[in-house]
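**Q** Structure below; questions to follow.
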Amino acid sequence: MESVTFVRLRAPYMHRYSGFHPRIKSYSFLGRQYCNTALTLASTVPARARELTCNAGSKMEPIYDDANTEFSFEDWLFNSWDVGITLDDLDKFCSDNALMYYQILVEVRWLLKLSEIPEVKEVPTFSQETRAFLENIIQDFNEKEALEVKKKQQTNYDLKAVVYYLKQKCDGHSEVLEVLDFSHSMCTSEDINNVAYGLLIKDTINHVMFPVMADLCKALCAMARNNAHIAMLSHSHGQASGTTLGIEMATFAFRLGYWARRISQVPIFGNFAGVVDKYNAYKLAYRDIDWPHVAQEFVTSFGLQFNPCTTQIESHYHMVELSDILVNFNNVLVEFTDEVRRYISLGYFGQMMKVENESYTYKLDPFDFANSSCDLIDAKSCLSTIKEFVFTTHWKVNLTDIQVTRFGLAPSLMAYKKFLLVIEKIEVNESRLAEDLEKNWVVLAEVMERYNLPEQHEKLKELTRGIYVDKESISSFIENLDLPKEEKLYLLNLTPLSYIGEAENLAKLIDEALGSLLGLKINQGRIYHRGGWG
């Protein structure tokens, strides 16, 4: 039999069971498909993926491993190893292990909440030792503990595996073990999961996405600050008045900062109301308890907003809003990329570690920016799909939403990290910027209109339309104006390099403006940090 090579592929959520390639919009369960399907998939991914060998025509069994801390498909989809970028920080919040942590957190805290309600006789008030024991289950959760949960997933139901794990941890602690099952007598897996996913998203935004987005804004602020004095020609539908490179960068920094601020303010919702979210079982069992109030207290104790009116599924409108904000932030980045690539084409910018064009050896390709733009395109596709999906509920229950809500952030995060590296490579060609200004003395023509001279518009049109305007022609025009000597001298000393208005000062104010917008000290280094479970 001919020997062929298989490649181990990863997919969001299903990566332990399937091969997946989003670019061809299909997936194949390797345990059930033949070699030709696997070979088709294998030809589309980088060689860094793990290789396997088997005989042609034979079937492959599902491949299981312990890589539960790896988040989806970033390694091979985004070529992160090419630039030394990983998404380990996202793993801390969005991996399978992280989800288990949040599920255990909610399970334990709900049991503790029940123990605090005197009317719930079945769950007595826990002693301080028992409360500490339960809190330690949360605090001590790590990769080793996560593997114990994975061993119990033969149920093919992630939350049931968590329940079995908690029973194992509480074995020998009768005070907890006797009431553990009761905590699920009224609440549903959706109650636990929607709060767990809400925490997952909230922490991911607060500890990963927002800090990196803010760092991008700060990087552009640094560019604005360092280049505030460098004059350049503005470009609209042609040449325009003079400006500075600093204020051009500051404009993008503030636009990005607007959306970064918005994402930090999105309320993440949760609910905890049982089957079809009407407290039916709760009310039947304990008629004298104000369960909506209990649920609100419980959900808000995690820093989430309480959603009082749902079906069985929380509406996930925070995911819709987050997706919209990220898409808008990414759109600004795409425009910034296009702007920089135009500047590279005009010779305004160069790049350290330049990439030569294969066909035209005298050209430099903005490869890094093109690579980052591809990530943003992938991100937009992913976020738009999630937005459309979660916006619609499916009758009273939807078990598919939990598979998609945590996989829209990786492409965006990868793009942001690449941009942070790419921005550091930009080299400004000051002489080229000055050269363009020197060729465009015509931009000084608009200054003449302030003097309200007779037929000034017609005279300026005669001077500028279809004629190359240089220093001599501008000077000659000024000399013939009926103006006081002091005004003529002022105009004669004006150059395209000096005609930049308040651009330099405005660029220097971006730190204060953006700092006020984001609530950060912009010029004190990056704020990005790691966190999460484990």
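Mapping the sequence shown onto full-length UniProt numbering, position 193 (from 1) lands on 193, and the numbers just tick up by one. We put the beta carbon where it would ideally sit given N, CA and C, even for glycine.
(1) Going by C-alpha to C-alpha distance, which of HIS229, ASN194, ASN136 and GLY257 sits closest to CYS170?
(2) Does HIS293 pass the burial test, meaning 16 or more other C-beta atoms within 10 Å, or should it be called exposed?
(3) Between LEU233 and ASP338, what straight-line distance do the alpha-carbon atoms span, to the nearest angstrom?
(4) Measure how close the beta-carbons of ILE325 and VAL266 come, nearest whole angstrom, since I'm counting them as under 8 Å.
(5) Quick check on ILE263: does DSSP put it in helix, strand or coil?
(6) Take the Cβ of SER498 as the centre, count every other Cβ of all protein chains shown within 10 Å, and call the residue buried at 16 or more, exposed below.
(7) Taking HIS235 as part of the beta strand (DSSP E), name the residues at either end of that continuous run.
(8) If we ignore side chains and look at the alpha-carbon of each, how far apart do ILE289 and GLU107 end up?
(9) What are the boundary residues of the alpha helix (DSSP H) that includes ILE201?
(10) Could you spell out where the beta strand (DSSP E) holding ILE474 opens and where it closes?
(11) For the region 375 to 390 against the region 271 to 282, do three or more pairs of beta-carbon atoms, one drawn from each stretch, fall closer than 8 Å, so that the two count as touching?
(12) Report the residue from GLU502, LEU518, PRO496 and ASN505 whose alpha carbon sits nearest the alpha carbon of SER241.
(13) Count the other C-beta atoms from every protein chain shown that fall within 10 angstroms of the C-beta of ASP511, then say buried if there are 16 or more, exposed otherwise.
(14) Please say whether LEU90 and ALA410 have beta carbons closer to each other than 8 Å?
(15) Let me check one thing: in DSSP terms, what residues is GLU427 bridge-paired to?
(16) Hey, out of GLY515, LEU518, CYS94 and ILE500, whose CA is closest to GLU248's CA?
(17) CB PHE93 to CB LEU159, shorter than 8 Å?
(18) Please identify the residue among MET319, ASN331, HIS235 and ASP277 whose C-alpha is closest to the C-alpha of MET308.
(19) Starting from the C-beta of SER264, find all residues in its chain whose C-beta is less than 6 Å away, skip the five residues before and the five after it, and write them out in chain order.
(20) Over what stretch of residues does the alpha helix (DSSP H) that includes ALA224 continue unbroken?
(21) If MET186 and ALA295 are in contact, beta carbons under 8 Å, what's the gap, nearest whole angstrom?
(22) Looking at C-alpha atoms only, which residue of LYS167, ALA161, LEU147 and PRO118 is the closest neighbour of LEU134?
(23) Buried or exposed: ALA132, going by 16 or more other Cβ atoms within 10 Å of its Cβ?
(24) To the nearest angstrom, how far is the alpha carbon of ASN280 from that of GLU178?
(25) Given 8 Å as the limit, is there contact between the region 436 to 446 and the region 463 to 474, that is, 3 or more CB pairs closer than that?
(26) Using DSSP's beta-bridge definition, name the partner residues of GLN305.
(27) Look at LEU111 and LEU180 and say whether their C-beta atoms are less than 8 Å apart.
(28) Just grab the DSSP bridge partners of THR244 for me.
(29) I'd like the ranges of any alpha helix (DSSP H) spanning at least 4 consecutive residues and lying wholly in the region 483 to 530.
(30) Given this structure, state the Cα-to-Cα distance separating GLU175 from PRO118, to the nearest angstrom.
(31) Count the other C-beta atoms from every protein chain shown that fall within 10 angstroms of the C-beta of LYS121, then say buried if there are 16 or more, exposed otherwise.
(32) From LEU245 to SER95, what does the alpha carbon distance come to, in whole angstroms?
(33) Whole angstroms is fine: what's the gap from LEU514's alpha carbon to LEU481's?
(34) Between SER315, TYR416 and GLU435, which has its C-alpha nearest ILE386's C-alpha?
(35) Does DSSP classify GLN312 as helix, strand or coil?
(36) When we look at the beta-carbon of GLU129 and count the other beta-carbons within 10 Å, is it buried (16 or more) or exposed?
**A** Inspection of the coordinates gives the following:
(1) Among HIS229, ASN194, ASN136 and GLY257, the Cα nearest to that of CYS170 is on ASN136.
(2) It is exposed - the Cβ of HIS293 has fewer than 16 other Cβ atoms within 10 Å.
(3) Rounded to the nearest angstrom, the two C-alpha atoms are 17 Å apart.
(4) Confirmed, about 7 Å.
(5) The DSSP-derived three-state label of ILE263 is helix.
(6) Exposed: under 16 other Cβ atoms inside 10 Å.
(7) Taken as a continuous stretch (DSSP letters only), the beta strand (DSSP E) holding HIS235 covers 231 to 235.
(8) Rounded to the nearest angstrom, the two C-alpha atoms are 20 Å apart.
(9) Note, ILE201: alpha helix (DSSP H), 189 to 204.
(10) Not the beta strand (DSSP E): ILE474 falls in the alpha helix (DSSP H), residues 471 to 479.
(11) Output reads no: the region 271 to 282 does not touch the region 375 to 390.
(12) Put simply, of GLU502, LEU518, PRO496 and ASN505 the residue whose alpha carbon is nearest the alpha carbon of SER241 is PRO496.
(13) It counts as buried.
(14) In this structure, ALA410 places its C-beta atom within 8 Å of the C-beta atom of LEU90.
(15) BP columns for GLU427 point to GLY350.
(16) Closest in alpha carbon position to GLU248, among GLY515, LEU518, CYS94 and ILE500, is ILE500.
(17) Judged by their CB atoms, PHE93 and LEU159 are not nearer to each other than the 8 Å cut-off.
(18) Sequence inspection shows Pro at residue 308; the Met mentioned does not correspond to that position. Comparing Cα positions, the closest option is ASP277.
(19) Excluding residues within five positions, the ones whose Cβ falls inside 6 Å are PHE210.
(20) Counted as a single uninterrupted DSSP element, the alpha helix (DSSP H) harbouring ALA224 occupies residues 210 to 226.
(21) The C-beta separation of MET186 from ALA295 comes to about 11 Å, leaving the pair out of contact by the 8 Å criterion.
(22) LYS167 is the residue among LYS167, ALA161, LEU147 and PRO118 whose C-alpha sits nearest the C-alpha of LEU134.
(23) Exposed.
(24) Each residue's alpha carbon lies about 24 Å from the other.
(25) Yes: the two stretches touch, three or more of their Cβ pairs being nearer than 8 Å.
(26) Bridge partners of GLN305 according to DSSP: PHE269.
(27) Yes.
(28) In the DSSP output, where bridge partners are listed per residue, THR244 has ALA231.
(29) Runs of the alpha helix (DSSP H) spanning 4 or more residues and lying entirely within the region 483 to 530 occur at 485 to 493, 503 to 508 and 510 to 518, in chain order.
(30) Distance between the alpha carbons of GLU175 and PRO118: 16 Å.
(31) Around the beta carbon of LYS121, fewer than 16 other beta carbons sit within 10 angstroms, so the residue counts as exposed.
(32) Distance from the CA of LEU245 to the CA of SER95, rounded to the nearest whole angstrom, comes to 41 Å.
(33) For LEU514 and LEU481, the distance between alpha carbons rounds to 44 Å.
(34) Per the Cα distances, SER315.
(35) In the structure shown, GLN312 sits in coil (DSSP, three-state: anything other than H, G, I, E or B).
(36) In summary, GLU129 is exposed, with fewer than 16 beta-carbon neighbours lying within 10 Å of its beta-carbon over all protein chains present.
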